[in-house]
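*Asks:* Residue numbers (the numbering used here): 41 to 240. Sharing a structure here in structure tokens format.
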């Protein structure tokens, strides 16, 4: 599945996203995920482990450690998220997985009778600069919700911020989730809004 190291996002001019497809990251997609996260500007310092580290993982955790931890999760079959593809190349990322696979302080309410593993958390996005402003995030949300539903989720939860927020911007902005049908149910910390979409 490996191709050239340069993502199409770095060479495309703004255009339609027709042909965009989405696939969950599993062992067959690891090389794509690795290559995408190692392109210039991608969050290879994090490897989308910011909300996943716990215990000893959270102490002195280097980029290489985070990559190894993510790879271990993928190898073990733990859901971690989806990649968006154009022309067969990965061009966007969305972290979507059962809430118990993240740290407890991610946020979200405890609801009587609700099975925690059926609540899936949409925790972050990464879209290269060349493809921003073209409606990629709403498409990622739609694909993430479909992926969660397919795997038994009854709720998708997100933790976006206001547009002027100085931090957590990688978690998305409130209006795009409102437009996707999510409803605010509370706050997580001082900046993050907890928003939910029922799939029942």
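Think of the CB as a built atom: it goes at the ideal place given N, C-alpha and C, for glycine as much as any other residue. Quick caveat: nothing in here was measured; it's all calculated off a predicted structure.
Would you check if there are 3 or more beta carbon pairs closer than 8 Å linking the stretch 166–174 to the stretch 74–88?
*Replies:* yes
*Asks:* Could you check the C-alpha separation between residue 182 and residue 104 for me, to the nearest Å?
*Replies:* Residue 182 and residue 104 have their C-alpha atoms spaced approximately 31 Å apart.
*Asks:* Looking at residue 120: is its Cβ nearer than 7 Å to the Cβ of residue 111?
*Replies:* no
*Asks:* So, using beta-carbon positions, are residue 149 and residue 76 closer together than 7 Å?
*Replies:* no
*Asks:* CB-CB under 6 Å to residue 240, same chain, minus the five flanking residues each way: which ones, in chain order?
*Replies:* 194
*Asks:* Give the secondary structure of residue 236 by DSSP, where H, G and I count as helix, E and B as strand, and everything else as coil.
*Replies:* strand
*Asks:* Is it right to say residue 187 is buried, meaning 16 or more other beta carbons lie within 10 angstroms of its own, or is it exposed?
*Replies:* buried
*Asks:* Quick test of the definition: if touching needs 3 or more C-beta pairs under 8 Å, does the stretch 138–154 touch the stretch 63–75?
*Replies:* no
*Asks:* What beta strand (DSSP E) runs, 3 residues minimum, are completely inside the stretch 64–138?
*Replies:* If we require 3 residues or more, the beta strand (DSSP E) runs fully inside the stretch 64–138 come out as 122–126, 129–138.
*Asks:* Nearest-angstrom Cα distance between residue 93 and residue 192?
*Replies:* 24 Å
*Asks:* Apply the 10 Å Cβ neighbour rule to residue 58 and answer buried if 16 or more other Cβ atoms are within range, or exposed otherwise.
*Replies:* Exposed, because fewer than 16 other Cβ atoms sit within 10 Å of the Cβ of residue 58.
*Asks:* What residues in its chain sit with their C-beta under 6 Å from that of residue 176, if we drop five residues either side in the sequence?
*Replies:* 132, 167
*Asks:* Might you give, ordered along the chain, the residues of its own chain that have their beta carbon closer than 8 Å to the beta carbon of residue 118, omitting 5 neighbours on each side?
*Replies:* 137, 141
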